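*Asks:*
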Amino acid sequence: MVITLFLVSIMVFFLMELPPGDYADRYAFRKYSGTGVKVTESDIQTIRSQFGLDKPAWQRYLHWMGDIVVKGDFGQAFAFETSVNKVVGERLWLTLCILYTTLILTYVISIPIGIYAAVRRHSIADYSLTVVSYLGLALPNFLLALTLLYVSVTVFNTSVGGLFSHGMEDAPWSMAKALDLFHHLLIPAIVLAWSATALQLQTVRATMLDELNKLSVTAARARGLPERRLLVKYPARLAINPVVSTIGFDVNRIFSELPIVALVLGLPELGELLIQSFLDLDMYVAGAILLMLAFFIVVMNFVSDVMLAVIDPRIRLQEG
Numbered sequence: 018m019v020i021t022l023f024l025v026s027i028m029v030f031f032l033m034e035l036p037p038g039d040y041a042d043r044y045a046f047r048k049y050s051g052t053g054v055k056v057t058e059s060d061i062q063t064i065r066s067q068f069g070l071d072k073p074a075w076q077r078y079l080h081w082m083g084d085i086v087v088k089g090d091f092g093q094a095f096a097f098e099t100s101v102n103k104v105v106g107e108r109l110w111l112t113l114c115i116l117y118t119t120l121i122l123t124y125v126i127s128i129p130i131g132i133y134a135a136v137r138r139h140s141i142a143d144y145s146l147t148v149v150s151y152l153g154l155a156l157p158n159f160l161l162a163l164t165l166l167y168v169s170v171t172v173f174n175t176s177v178g179g180l181f182s183h184g185m186e187d188a189p190w191s192m193a194k195a196l197d198l199f200h201h202l203l204i205p206a207i208v209l210a211w212s213a214t215a216l217q218l219q220t221v222r223a224t225m226l227d228e229l230n231k232l233s234v235t236a237a238r239a240r241g242l243p244e245r246r247l248l249v250k251y252p253a254r255l256a257i258n259p260v261v262s263t264i265g266f267d268v269n270r271i272f273s274e275l276p277i278v279a280l281v282l283g284l285p286e287l288g289e290l291l292i293q294s295f296l297d298l299d300m301y302v303a304g305a306i307l308l309m310l311a312f313f314i315v316v317m318n319f320v321s322d323v324m325l326a327v328i329d330p331r332i333r334l335q336e337g
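Position one of the sequence shown corresponds to residue 18 (the working numbering), numbered consecutively onward.
The following block contains the structure:
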C-alpha cells in the first residue's frame, strides 16, 4: 500500500507539472484582467516566489510529501487562500457518504437478484432482469440523473438536487434535517449504483450458473440436502467471489462517474473540486484529492482480499 501510494504521488505530481504555466500565471491573469494594468514577467516571478513555485520541481515534491508524511499537511490551497486540509475536509464526508451508500445498494440489490435469476434461468423473471441490467449498462448515469431531476420537479413539485430542501439548509440539526439530507444523498447513490448493479448482477448470474453445474452441487443434492441450504452453502457462496474481488474497481468506477452526476445534481463533492483545481492549476488540492482516492481504492482492494479469504477457504494459504 505504501509503495503504491508513493508511486501514485509521483505520477500525480508529474501530471500537475505537465500543463504549461502554473498557478502564478493564472493568479496574475485573474487579478489584473480588465484593470488595464500591464503585468510584467517580474510581477509573475514575485507571485511565483510568494507561493513557493519558484523552486525546482523535485524540491517542491519532497517538501510536499514530507509535510504529508510528518505533519499530515497537504499544503496550501492557492485559489481558496487556506489549507488543503480544510478545503478537502469540507467535502470529503459527502463523497464518502455517497460512495459507501452506493456500494451497499449495489451489493444488496445485485447479489440476491443475480442468484435468483440464475436459479430461475429462462423464466420471465430472468429475461426481465436481463433487459433491466442491459439498460443499466447502456444508459449513462448523468442522463438518469437528469431524468430523475426533471421528474421530481415536474411531477412531484420538489427537487432532488443539492444537499437539503428549501428552508432546511440553514435550519439547526434535527432528525428532520438528517432525514432530508439522507433523502438527497440517496438519489445520487441510486444513480451511481444503476450501472454497477447491472454489471454485478450479470456477473453473479453467470458465476452462479457455472457453480450450479458443479459435481459438488449434484452430490450435495443427491444426499438430500435442502435446496435453500444447498444454494447458500455451495454455489451462492462461491458465486459472489468475483463481486468481492472487484470492490476496488467499483470504488474507482464510482469516483470516476461521481463528478458529472454531482454536477447535474448540484452536490459539492470532491469530484467537482478536483476538476476546478485542474482548471486553476491548484496542484496541491488536485494532488491531495487524487492521493485520497488512491488510498481508498487500495484500502478497499485490501478489504476485498481479506473478505475473499473468509468466504472461500481455498484462497487461504497455510503452511503444510
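Using N, Cα and C, we set each Cβ at its ideal position, and we do this for glycine too.
Nothing here was measured: the structure is a model prediction, and the numbers come from that model.
Hey, quick one: how far does the alpha helix (DSSP H) through residue 140 stretch, first residue to last?
*Replies:* From DSSP, residue 140 is part of no alpha helix (DSSP H); its letter is neither H nor E.
*Asks:* Rounded to whole angstroms, what's the CA-CA distance from residue 330 to residue 118? Just pull it up for me.
*Replies:* 29 Å
*Asks:* Taking just the CA atoms, how far does residue 268 sit from residue 144?
*Replies:* Counting only the Cα atoms, residue 268 lies some 28 Å from residue 144.
*Asks:* For residue 200 and residue 194, I'd like the C-alpha separation in whole angstroms.
*Replies:* 10 Å
*Asks:* According to DSSP, is residue 99 part of a helix, a strand, or is it coil?
*Replies:* Of the three classes helix, strand and coil, the one that applies to residue 99 here is strand, per DSSP.
*Asks:* Buried or exposed: where does residue 321 fall if 16 or more other Cβ atoms within 10 Å of its Cβ makes it buried?
*Replies:* buried
*Asks:* Along the chain, which unbroken stretches of the alpha helix (DSSP H) at least 4 residues long are found entirely within the segment 214-300?
*Replies:* 232-239, 244-250, 252-256, 258-262, 264-282, 287-297
*Asks:* How about residue 120 and residue 271: do their beta carbons lie closer than 9 Å?
*Replies:* yes
*Asks:* Would you mind giving the Cβ-Cβ distance between residue 142 and residue 222, rounded to the nearest angstrom? I have them listed as a contact below 8 Å.
*Replies:* About 12 Å separates the two Cβ atoms, so there is no contact after all.
*Asks:* What distance in whole Å lies between the Cβ atoms of residue 132 and residue 225, which are believed to be in contact at a cut-off of 8 Å?
*Replies:* 5 Å
*Asks:* CB of residue 121 to nearest heavy atom of the ligand NAD: below 8 Å?
*Replies:* As presented, the structure is devoid of all ligands, the ligand NAD included, so that no description of it is given.
*Asks:* Classify residue 233: buried if its beta carbon has 16 or more other beta carbons within 10 angstroms, exposed otherwise.
*Replies:* exposed
*Asks:* According to DSSP, is residue 188 helix, strand or coil?
*Replies:* coil
*Asks:* Among the residues of its own chain, which have a CB less than 7 Å from the CB of residue 3, if the five just before and after it don't count?
*Replies:* For residue 3 there is no data in the structure shown, the boundaries of the chain being 18 and 337.
*Asks:* Can you check which of these residues, 101, 237, 63, 30, is closest to residue 76 by C-alpha distance?
*Replies:* Of the candidates 101, 237, 63, 30, the one whose C-alpha sits nearest the C-alpha of residue 76 is 30.
*Asks:* Candidates 139, 227, 91, 214: which alpha carbon is nearest residue 152's?
*Replies:* By alpha-carbon distance to residue 152, the top candidate from 139, 227, 91, 214 is 214.
*Asks:* So who's on the other strand from residue 93, going by DSSP bridges?
*Replies:* 100
*Asks:* Should the segment 246-261 be called in touch with the segment 305-313, which here means at least 3 C-beta pairs below 8 Å?
*Replies:* no
*Asks:* Please classify residue 258 as buried or exposed, where buried requires at least 16 neighbouring CB atoms within 10 angstroms.
*Replies:* buried
*Asks:* Shortest alpha-carbon distance to residue 98 belongs to which of 314, 301, 21?
*Replies:* Of the residues 314, 301, 21, the one whose Cα lies closest to the Cα of residue 98 is 301.
*Asks:* Between the alpha carbons of residue 237 and residue 245, how many angstroms are there, rounded?
*Replies:* 12 Å
*Asks:* Mark residue 18 as exposed unless 16 or more other C-beta atoms lie within 10 angstroms of its C-beta, in which case mark it buried.
*Replies:* exposed
*Asks:* Ordered along the chain, which non-local residues of its own chain (more than five positions away) have a Cβ less than 6 Å from that of residue 264?
*Replies:* 317, 321
*Asks:* Determine the closest residue to residue 127 out of 261, 165, 231, with distance taken between C-alpha atoms.
*Replies:* Of the residues 261, 165, 231, the one whose Cα lies closest to the Cα of residue 127 is 261.
*Asks:* Can you tell me which of the three DSSP states residue 197 falls into?
*Replies:* DSSP, read as helix, strand or coil, puts residue 197 in helix.
*Asks:* Roughly how many angstroms lie between the CA atoms of residue 92 and residue 25, to the nearest whole one?
*Replies:* 17 Å
*Asks:* Would you give the residue range spanned by the alpha helix (DSSP H) that residue 21 belongs to?
*Replies:* 19-34
*Asks:* Which residue from 140, 303, 298, 219 puts its Cα closest to that of residue 288?
*Replies:* 303
*Asks:* According to DSSP, is residue 109 helix, strand or coil?
*Replies:* helix
*Asks:* Taking residue 281 and residue 202 to be in contact with their CB atoms under 8 Å, please state how far apart those CB atoms are, rounded to whole angstroms.
*Replies:* Not really, about 15 Å apart at Cβ, beyond 8 Å.
*Asks:* Among the candidates 209, 146, 129, whose CA atom is the shortest distance from the CA of residue 160?
*Replies:* 209
*Asks:* Quick one: what does DSSP say residue 71 is sitting in, helix, strand or coil?
*Replies:* coil
*Asks:* If we ignore side chains and look at the alpha-carbon of each, how far apart do residue 89 and residue 149 end up?
*Replies:* 45 Å
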